[in-house]
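Written out as structure tokens, the structure is:
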């Protein structure tokens, strides 16, 4: 609606494009502010994840990446197959990674059919801060 009004005002006021330009500049400014906020939030999440990962030096890089993903998307689920495919490792290596995180209390495991499904524990952030 604002876009339409700015365009309409430009036509009414002797084709003065000031209204239209001001509207677009405000929209661009808002988009830049939102992008900066998004980048800042993502950087904070990454720092947070790596700080937690540093508390667990026994974690390998694949487990640290999975931990970062679990912190970023706490409702995401992981399977042995997807972990193996993403990191280019064998089924057994992926299984060991995920079971290790389960044994540490970072992931929960359930079975759906023949597949094992892993998901972050409900209070993962609080657990890792302890």
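Numbering (the numbering used here), first residue to last: 14 to 143. Where a beta carbon is used, it is the ideal one built from N, C-alpha and C, also for glycine.
Asked	Found
Cβ pair residue 141, residue 132 closer than 9 Å	no
At least 3 beta-carbon pairs within less than 8 Å: the stretch 103-114 vs the stretch 43-62	no
For residue 71, the three-state DSSP class (helix, strand or coil)	coil
Cβ pair residue 75, residue 102 closer than 9 Å	yes
Cα-Cα separation between residue 61 and residue 137, rounded to whole angstroms	12 Å
Where residue 213 sits in the DSSP three-state scheme	The chain is shown from 14 up to 143; residue 213 falls before or after that span and cannot be answered.
Residue 129 versus 39, 94 and 14, residue with shortest Cα-Cα distance	94
Cα-Cα separation between residue 45 and residue 134, rounded to whole angstroms	35 Å
Distance between residue 37 and residue 63 (C-alpha atoms, nearest Å)	39 Å
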